[in-house]
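Just so you know, we're using the numbering used here here: the sequence shown kicks off at 505 and counts up by one.
All C-beta atoms, glycine included, are put in the ideal place defined by N, C-alpha and C.
Values in this document were obtained by computation on a predicted structure and should not be read as measured data.
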Amino acid sequence: MAPIPGSGLAKGLAVTLRTMTRKPVTAQYPDTQPDLPPRTRGVIGLFEENCTVCMLCARECPDWCIYIDSHKETVPPAAPGGRERSRNVLDRFAIDFSLCMYCGICIEVCPFDALFWSPEFEYAETDIRDLTHERDKLREWMWTVPAPPALDPGAEEPKEVAAARKTADRLAAAQAEQQEES
Ligand code: SF4
Ligand code: SF4
């Protein structure tokens, strides 16, 4: 059967009218900030104090976009008669975000919890070289890393938290003792 003349136009207008009354789904970024989940993969932060320069992240990165330089230093023995030890000292830690594919492998493989996801994503640059973030910049991102999720009720306290509390209690006790004496 031949279509009724003008029915196509009527259908089109009906669709237009229907969508005109609906709430738009397009977010007007940057006027409207996106509502992202807290664990969004935005940028990587480096907690330098935890990094032992084991190089695992740089070796496992599929894009070879983590650059690490270090040198060795000799540390005196912890106790008299002990042996000197050598440790790696970090000279450079950089991530090239123009190559990074945000796979998260570096964060997964780091055995010392030195790398973290931050949800920050507004770091576009006009010069591609500025997308290589050096250690200071990577440290700054650490301030934007969300706190870890709460433990399950009844879960065992992580040993790191217990150790940190013990040290804090000891320091507080020593401080109180000092104040009493003075
Ligand atoms: S997220 Fe993936 S690609 Fe990016 S630095 Fe880490 S391992 Fe490399
Ligand atoms: S894997 Fe972790 S500890 Fe090892 S070099 Fe990378 S950030 Fe540092």
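Residue i beta carbon near ligand 2 (any heavy atom closer than 6 Å)
i           : result
residue 618 : yes
residue 603 : no
residue 646 : no
residue 642 : no
residue 561 : yes
residue 614 : yes
Bridge partner(s) assigned by DSSP for residue i
i           : result
residue 692 : Past the edges of the chain, shown from 505 to 686, lies residue 692, and the structure says nothing about it.
residue 548 : 621
residue 579 : 589
Closer than 6 Å: residue i CB and nearest ligand 1 heavy atom
i           : result
residue 558 : no
residue 632 : no
residue 610 : yes
residue 555 : no
residue 533 : no
Residue interval of the alpha helix (DSSP H) (run including residue i)
i           : result
residue 559 : Note, residue 559: premise wrong, no alpha helix (DSSP H); not H, not E.
residue 586 : First-last for residue 586: undefined, no H or E at that position.
residue 632 : That residue, residue 632, is in no alpha helix (DSSP H); it is neither H nor E in DSSP.
Identity of the residue in the options nearest residue i by Cα
i           : options            : result
residue 644 : 621, 657, 570, 608 : 621
residue 602 : 568, 591, 581, 528 : 568
residue 578 : 571, 584, 588      : 588
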